[in-house]
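The next block holds one structure in the form of structure tokens; read it before the comments.
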Amino acid sequence: MSTKSFRVAICGGGIGGLCLAVALSKHTHIQVDLYEGAERFKEVGAGVMIWSRTWRILELLGLAPHFAKVADTQPDPAVAPGFEYRRSDRQEGFEWKLVAMPYGCIRFHRAHFLDAFAERLPTGIAHFRKRLASYEKQDSGEIALTFVDGTSAMCDLLVGCDGIKSVVRAQMLRVKAKEEAQPGLLDLIEPKWTGTIAYRGLIPSTNLPRIDGARHRTLASPMMYCGQNKHLVAYSISQGNIVNFVAFASDLNKKNTAYGAEWVTDCSKDEVLECFGGWEREREEKPTKWGIHHLEELPFFVTDRVVLLGDAAHGMSPHLGAGAGQAIEDAYILAHVLGAAAADRFDAALEAYQQTRLPVANHVLRSSYESGNMYEFNSPFGDEYSALGPAIQHQWDFLTESTPEGEAEKAMGILRSLERERINQNRARL
Ligand SMILES: Cc1cc2nc3c(=O)[nH]c(=O)nc-3n(C[C@H](O)[C@H](O)[C@H](O)COP(=O)(O)OP(=O)(O)OC[C@H]3O[C@@H](n4cnc5c(N)ncnc54)[C@H](O)[C@@H]3O)c2cc1C
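Each residue of the sequence shown is one higher than the one before, starting from 1213 at the first, in my numbering.
Below is the structure:
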């Protein structure tokens, strides 16, 4: 391992940026600075779920005990429900599929989830109210960062963790489009509306009705209430005291059209009730309304000394509950290869990160959108439950097709092979 130091600037302190900062700060030869545009780390009041794969990464990073304290229930390797699927666009709903897996669906209050990372961040790394405006490569190879407040900073490597509307991605694509005369890359800058809106909110579990004398279904298992063009996800967080719900309504004809409004707005409870009129009555409360956007798959996550991570790289629709998990996996792999790289060799580490993460993250992005269509009976399987059920299950194969340790080893193999190549090229030149 090198004793030379290099400076990594992380732009954005959401789940992805914070996880990367915590993971990188363990490598003493790397200077880490995290620049967050807001005045503090914050997440909107809602739930977030992760799966066994992400839990394993938290274990590998030594963070699992901190997250276990704020999970809805203690994470447990036993097979447990991922989701119970019901047909609900009618007065009398019925269950038609149960997806179960080791650990089931591990749930958190978002604010608690983000705090569990933030509390592990060494002091001096985070810089608040630092909204990146642009970056510029210097002749020295360094990157100069310019912030909206007129201040600047230098780094050797910039990681754009600035979310789905990433300014880092926008500049990266503009530069590459110009340098390589590929104007098509400019079409990848703006996120696309999926044609879906989501109503999102939290319900105190004491406000939930008992059903046939039993406690509300959402307190027993994460629920996926499905109907034509609509579905509703609900699960408990905060040790069962709160139920998080997200109610989706889609119009496939509006996919890729302009959303034409702020992405997140307040809305009335009546608007949700009207949208879900005629459904079995299991839900309520004060919601916000979201335009669900995603990215088109990017052909690269790295150019030169600039890297994309999390939603900046692969902002996806939320139907596999995987965007945060994918951001955490990006952070784990990037920290792993950077931790092994010397100051003059991190280009190979970035290539190893890209080769490892890009195909998987883009696959999950694609699958996530497909899953939304499946839940709303808009996939080629329609509502043929016998075929649709296994197809839905199959969408989660990415969780077990490889392991995080295996992916880290794969990235290290790529890194080593790139380094051997370079040594051989240098020898050939002598
Ligand atoms: C309705 C819904 C439900 C979801 N549910 C789940 C779920 O259950 N499980 C799951 O895994 N995923 C879920 N996701 C996806 C998940 O929320 C995201 O994938 C994840 O939060 C992305 O994290 P991030 O750090 O990449 O980006 P963000 O969370 O967007 O963080 C970006 C950060 O960068 C900062 N920033 C932005 N621009 C700048 C700038 N120019 N300079 C400096 N800072 C900047 C922002 O202030 C913010 O702090 C859901 C998404 C939605 C919409």
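Virtual Cβ for every residue (Gly too), placed ideally from N, Cα, C.
Self-check item: Residue from Q1451, W1267 and M1436 with nearest C-alpha to S1300
Solution: Closest option to S1300, Cα to Cα, is M1436.
Practice problem: Return the residue from the list E1296, A1283, E1474 and W1491 that minimises the CA-CA distance to T1500. | Solution: For T1500, the closest C-alpha among the options E1296, A1283, E1474 and W1491 is that of E1474.
Quiz item: From this set, T1406, P1434 and A1389, which residue's C-alpha is nearest L1400's C-alpha?
Solution: Nearest Cα to L1400 within the set T1406, P1434 and A1389: A1389.
Quiz item: Can you tell me the Cα-Cα spacing of A1524 and Q1440, whole angstroms?
Solution: Across the structure, A1524 and Q1440 are spaced so that their CA atoms are roughly 31 Å apart.
Quiz prompt | Backbone CA spacing between F1218 and K1309 [nearest angstrom] | solution = Going by the C-alpha atoms only, they are around 51 Å apart.
Self-check item: Coil, strand or helix - I1376 by DSSP
Solution: DSSP places I1376 in coil when its eight states are reduced to three.
Quiz item: Which term fits L1464, buried or exposed, when burial requires 16 or more other beta carbons within 10 angstroms of its beta carbon?
Solution: Counting C-beta atoms within 10 angstroms of its own C-beta, L1464 has fewer than 16 neighbours from the protein chains shown and is therefore classed as exposed.
Quiz item: Does the beta-carbon of R1634 have 16 or more other beta-carbons within 10 angstroms, so that it is buried, or is it exposed?
Solution: Here R1634 is exposed, its C-beta having fewer than 16 other C-beta atoms within 10 Å.
Practice problem: Check whether the Cβ of V1458 lies closer than 8 Å to any heavy atom of ligand 1, and answer yes or no. | Solution: Closer than 8 Å to some heavy atom of ligand 1: that describes the Cβ of V1458.
Quiz item: Considering only residues of the same chain and omitting the five flanking positions on each side of K1342, which have a CB-CB separation below 6 Å?
Solution: The beta carbon of K1342 sits closer than 6 Å to those of Y1247 and F1359, all from its chain and outside the five residues before and after it, given in chain order.
Quiz prompt | Inter-residue Cα distance where the pair is T1477 and S1378 | solution = Separation of T1477 and S1378 (C-alpha to C-alpha, rounded to the nearest whole angstrom) is 20 Å.
Practice problem: Taking H1531 as the reference, give the member of E1582, G1537 and I1540 with the closest Cα. | Solution: If we check each option's Cα against that of H1531, E1582 comes out closest.
Practice problem: Kindly indicate which residue of N1590, A1573, N1585 and M1313 has the alpha-carbon position closest to the one of E1619. | Solution: Nearest neighbour of E1619 by Cα position, chosen from N1590, A1573, N1585 and M1313, turns out to be A1573.
Quiz item: Does the Cβ of S1378 lie closer than 8 Å to at least one heavy atom of ligand 1?
Solution: Yes - ligand 1 has a heavy atom lying nearer than 8 Å to the Cβ of S1378.
Quiz item: Going along the chain, which unbroken runs of the alpha helix (DSSP H) with 4 or more residues stay wholly within the region 1230-1279?
Solution: You should have 1264-1272.
Quiz item: Cβ of L1521 within 8 Å of any heavy atom in ligand 1?
Solution: A distance criterion of 8 Å places the beta-carbon of L1521 in contact range of ligand 1, judged by its closest non-hydrogen atom.
Quiz prompt | Cβ contact (3+ pairs, closer than 8 Å) linking the region 1407-1418 and the region 1453-1467 | solution = At 8 Å Cβ cutoff, the stretches touch.
Self-check item: Other residues of its chain near G1317: CB distance less than 6 Å, five sequence neighbours each side excluded
Solution: It should be pointed out that residue 1317 corresponds to Cys in this sequence rather than to Gly. So the qualifying residues of the chain are M1261, G1294 and P1434.
Quiz item: Apart from the five residues on each side of it in sequence, which residues of its chain come closer than 6 Å, Cβ to Cβ, to I1227?
Solution: Counting only Cβ-Cβ distances below 6 Å, and skipping sequence neighbours, we find A1536 and A1539.
Self-check item: Alpha carbon of E1296 to alpha carbon of G1375, nearest angstrom
Solution: CA-to-CA, the gap between E1296 and G1375 works out to about 30 Å.
Quiz prompt | CA-to-CA distance, R1628 to M1586, given in whole angstroms | solution = If you take the alpha carbons of M1586 and R1628, they lie about 41 Å apart.
Exercise. Could you check how far apart the C-beta atoms of G1522 and H1239 are, in whole angstroms? I think they sit under 8 Å.
Key: Contact between G1522 and H1239 does not hold, since the beta-carbon distance rounds to 20 Å and is not under 8 Å.
Exercise. Between the Cα of A1547 and those of T1568, G1527, M1528 and A1534, spot the shortest distance and give me the residue it belongs to.
Key: Looking at the Cα atoms, T1568 is the closest of the given residues.
Quiz item: Alpha carbon to alpha carbon, how far is L1577 from G1533?
Solution: Computed Cα separation, rounded: 11 Å.
Quiz item: Cβ atoms of E1348 and D1368: under 9 Å apart, would you say?
Solution: The answer is no: Cβ separation not under 9 Å.
Quiz item: Quick one: what does DSSP say K1388 is sitting in, helix, strand or coil?
Solution: Looking at K1388 - three-state DSSP - the assignment turns out to be helix.
Exercise. Check whether the region 1507-1521 touches the region 1584-1598, taking contact to mean three or more Cβ pairs, one atom from each stretch, closer than 8 Å.
Key: As far as the Cβ criterion goes, the region 1507-1521 does not touch the region 1584-1598, which means the pair count is below three.
Quiz prompt | Terminal residues of the alpha helix (DSSP H) in which L1344 lies | solution = Boundaries around L1344 are those of the beta strand (DSSP E), L1344 to K1349, since no alpha helix (DSSP H) includes it.
Exercise. Going by CA-CA distance only, name the one from V1291, T1615 and I1337 that's closest to C1231.
Key: Comparing Cα positions, the closest option is I1337.
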